[in-house]
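Okay, so here's the structure we're looking at.
In the working numbering, the protein residues as written are 1 to 365.
The following block contains the structure:
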């Protein structure tokens, strides 16, 4: 950033940085956020594209990248280049992994790899148009086909003929209620009742009040601690099943709510604690998907009734509605439309010097 007036600390104003040829790997990213939740996009990872070209499916590619190229995730998600709440996506084009789609995405976070990420889908929709991944986008809106580890998802992105706009909406994979009114014994909190919903990944849902907390006014660290305890308890006491792949049968986190599940035009507030106590700054796109599926399953909302969801951390808003009833395996499911706003925050070039003892990052909570 250049500011006019006065000399800079290094001498004359406006002095350019000297040319630099770094040793080691160079990683380039596009930086975005959706509702305050960051997305660090890696537009191209050669190893991933080569594996996709060799015929690996996206789920197989996720396993391959985790096993052989996890240093990329750690370098970009962890400190000193990232932070404890960083989130990322590797864009994959072509091959079996992106079959039938404009692009595929591998979702990264500080603890590993996720199956679905709604805030990332909205950001990637804009990115795909602005960076030419979709040939001949159409006005006023272009459908961007993405393949996520959980399945195909379509983002609908406003296009003015020159650049993408907001809001962006997406249609989910089939979402369903995996369990309702499930009693769980949570150490330190006693017995609580949770619902488990699937919106591309599985979440446990309960009101913060059951844990003696308020999702709007309690300290974030108390909400995080309680939600994490619920996640661990559910993992030990309930077996998840996914209709298509056991790779997707894992509990991603817990979403604490204000308990306002009946239909209302007023916003309902929640906080999502996922992976290794990571806190979503947005209302959580896949969480909105799962929560809408639960509300529809319980008869609390009907098709095309729009609800507004608010993040307790930033106040940012997503909307969600069930748009189509369907089946997914033995589950009665719905397709959910989620809408929000994604914004660019910059681009970055990161260097990984071979002699750096912390070149692949470190994780500090």
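A virtual CB, placed ideally from N, CA and C, is assigned to each residue, including glycine.
On the three-state DSSP scale, how would you describe residue 129?
It is helical.
Just how far apart, CA to CA, sit residue 191 and residue 313?
Looking at the two C-alpha atoms, the distance is approximately 26 Å.
Return yes when the Cβ of residue 27 is within less than 8 Å of the Cβ of residue 76, no when it is not.
It is a contact, given that the beta carbons lie within the stated cut-off.
Could you check the C-alpha separation between residue 364 and residue 79 for me, to the nearest Å?
Roughly 8 Å between the two C-alpha positions.
For the region 135-165, list the beta strand (DSSP E) runs that are entirely contained and at least 3 residues long, ordered along the chain.
For the region 135-165, whole beta strand (DSSP E) runs of length 3 or above, ordered along the chain, are 141-148, 151-158.
In chain order, what residues of the same chain have a beta carbon less than 6 Å from the beta carbon of residue 4, not counting five sequence neighbours either side?
Caution applies to residue 4, whose pLDDT of 43 falls short of 50 and renders its modelled position unreliable; the value that the coordinates give is listed next. Taken in chain order, the list of residues that qualify is empty.
Put residue 93 into one of helix, strand or coil per three-state DSSP.
Coil at residue 93, not helix or strand.
Which residue marks the beginning of the beta strand (DSSP E) containing residue 45, and which one marks its end?
Here residue 45 belongs to no beta strand (DSSP E), and DSSP marks it neither H nor E.
By a C-beta neighbour count over all protein chains shown, 10 Å radius and 16 as the cutoff for buried, is residue 54 buried or exposed?
When all chains shown are included, residue 54 counts as exposed.
Is residue 82 helix, strand or coil when you go by DSSP?
Coil, per DSSP.
For residue 196, which residues does DSSP report across the bridge?
In the DSSP output, where bridge partners are listed per residue, residue 196 has 179, 204.
Can you give me the Cβ contacts of residue 180 inside the same chain, cut-off strictly under 6 Å, excluding the 5 residues immediately before and after it?
195, listed in sequence order.
Note the first and the last residue of the continuous beta strand (DSSP E) segment covering residue 32.
Where residue 32 is concerned, the enclosing beta strand (DSSP E) stretches over 25-34.
Give the DSSP bridge partners of residue 273, in chain order.
DSSP, once it has assigned bridges, lists 254, 279 as partnering residue 273.
Using DSSP with H/G/I as helix, E/B as strand and the rest coil, what is residue 112?
Reduced to three states, the DSSP call for residue 112 is strand.
Let me know the secondary structure DSSP gives residue 235 once reduced to three states.
Of the three classes helix, strand and coil, the one that applies to residue 235 here is helix, per DSSP.
Helix, strand or coil: how does DSSP classify residue 302 here?
Coil, per DSSP.
Could you say which of 160, 338, 231, 86 lies nearest to residue 284 if we only look at CA atoms?
Ranking 160, 338, 231, 86 by Cα distance to residue 284 puts 338 first.
For the candidate residues 52, 318, 302, whose alpha-carbon lies nearest to that of residue 381?
This structure does not reach residue 381, given that the chain is present from 1 up to 365, and the question cannot be answered.
Count the other CB atoms, across all protein chains shown, that sit within 10 Å of the CB of residue 92; report buried if there are 16 or more and exposed otherwise.
By the neighbour-count rule (16 or more Cβ atoms within 10 Å), residue 92 is buried.
Since I believe residue 61 is in contact with residue 97 (beta carbons under 8 Å), could you give me their beta-carbon distance rounded to a whole number of angstroms?
Right, the Cβ-Cβ distance comes to about 5 Å (below 8 Å), so this counts as a contact.
Kindly list the residues whose CB is nearer than 8 Å to the CB of residue 228, restricted to its own chain and excluding five residues on each side of it in sequence; keep chain order.
Contacts found: 254, 273, 277.
Are the Cβ atoms of residue 30 and residue 351 separated by less than 8 Å?
Not a contact, by the Cβ cut-off of 8 Å.
Which residue comes first and which comes last in the beta strand (DSSP E) that contains residue 171?
Taken as a continuous stretch (DSSP letters only), the beta strand (DSSP E) holding residue 171 covers 168-171.
Over what stretch of residues does the beta strand (DSSP E) that includes residue 209 continue unbroken?
Careful: residue 209 lies outside any beta strand (DSSP E) and carries neither H nor E.
So, with DSSP's three-state summary, where would you put residue 339?
Of the three classes helix, strand and coil, the one that applies to residue 339 here is strand, per DSSP.
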